[in-house]
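Numbering (the UniProt record's numbering), first residue to last: 1 to 234.
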Amino acid sequence: MTGMTVKHVRIADQVVEALQDWFRASELLPGMRLPPERELAARFGVSRTSVRDALGRLELLGYLDIRQGDGTYVRRPDGETVSQPFRHLVNSLPDNAADLLEFRCMLEPEVAAMAALRLTPVGRKALLDSLERQQTLLDHSTRLSREDVLFHKTLAQISGNTVVLRVLETLQSLMRDVHTVVLPVASAQATLEEHQRIIQAVLAQDRDGARQAMTAHLKGVTEAYLHATLSRCP
1 MTGMTVKHVR IADQVVEALQ DWFRASELLP GMRLPPEREL AARFGVSRTS VRDALGRLEL
61 LGYLDIRQGD GTYVRRPDGE TVSQPFRHLV NSLPDNAADL LEFRCMLEPE VAAMAALRLT
121 PVGRKALLDS LERQQTLLDH STRLSREDVL FHKTLAQISG NTVVLRVLET LQSLMRDVHT
181 VVLPVASAQA TLEEHQRIIQ AVLAQDRDGA RQAMTAHLKG VTEAYLHATL SRCP
């Protein structure tokens, strides 16, 4: 690799970081169109080639939508986008998966308690609909897994805290491989019953009950994961 190429890559990296700082400062909101490449190049004092490279990287990461002939638009990063920098770390060190599960145990019982406190008629219907879907999907593990993720996301939505929702979406994306390990071990019926207890407590607006039910559920998930990973050891 030539020195010129190395220099170009480093400059493009700096443009990526500068644009991400711009996003975080909320000056560039989802749906907004970025200025043309020449204006960005002038703003950052770099070549249009470096700007083009940086925009391409940010599109791959999910932050931008480049529309030929129309312009480049800001996207709202989802949990999948935000989790990308951490995915290699999680996959490379098994203990990190256990740390993620521990973090869930710290976060989600409080999410359930908050959902019980802030339950609305719309939230009540969403939980009842989720329970009904889970009951009909007991024999369809892949679809049930997706519904499991949606159930936990629904609780975060009911909590009314957008930061909690974004954190949970990121966590769920990172936990995807853990779900693959746990599903063959955990009983679908047992999981459904645990979810049902959480839902009953939230519907009764019993904050302590919702917190305890979620804690018990996540304890079971953690034990299933540890059992599955230990059983793979020679």
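Every residue, glycine too, gets a C-beta built ideally from N, C-alpha and C.
- By the Cβ neighbour-count rule, D99 is exposed, with fewer than 16 other Cβ atoms within 10 Å of its own.
- By the C-beta criterion, the segment 109-116 is judged to be in contact with the segment 150-164, since at least 3 inter-stretch pairs fall below 8 Å.
- In the DSSP annotation of this structure, the continuous segment of the beta strand (DSSP E) that includes D65 starts and ends at 64-67.
- Taking a C-beta distance under 8 Å as the contact criterion, A12 and A54 qualify as a contact pair.
- Each residue's CA atom was taken as its position, placing V202 and L119 some 7 Å apart.
- In terms of Cα proximity to L168, the closest of G71, M32, V111, V74 is V111.
- Under a 10 Å Cβ-count criterion, Q189 is classified as exposed, with fewer than 16 other Cβ atoms of the shown protein chains found around its own Cβ.
- Nearest in C-alpha terms to M106, of all of H227, Q212, A224, is Q212.
- T170 has its alpha-carbon roughly 22 Å from the corresponding atom of Y73.
- According to the DSSP secondary-structure assignment, Y73 is paired through a beta bridge with R33, D65.
- Contact annotation, L137 with R143: C-beta distance approximately 5 Å; criterion of less than 8 Å satisfied.
- By a beta-carbon distance limit of 8 Å, Q134 contacts H195. Their separation comes to about 6 Å.
- For L119, there is no enclosing alpha helix (DSSP H), as DSSP gives it neither H nor E.
- Per DSSP, reduced to three states, the secondary structure at A204 is coil, with no helix or strand assignment.
- For V164, the uninterrupted alpha helix (DSSP H) segment begins and ends at 162-174.
- Taking A224 as reference, the option from P109, L101, R146, R207 with the minimal CA-CA separation is L101.
- Between the C-alpha atoms of L174 and G69 there is a straight-line separation of about 35 Å.
- Ranked by how close their Cα comes to the Cα of A210, the residues R52, K125, P109, E59 have P109 in first place.
- Look at D99 here: in three-state DSSP terms it is helix.
- Note on M214: 16 or more other CB atoms within 10 angstroms of its CB, so buried under the neighbour-count rule.
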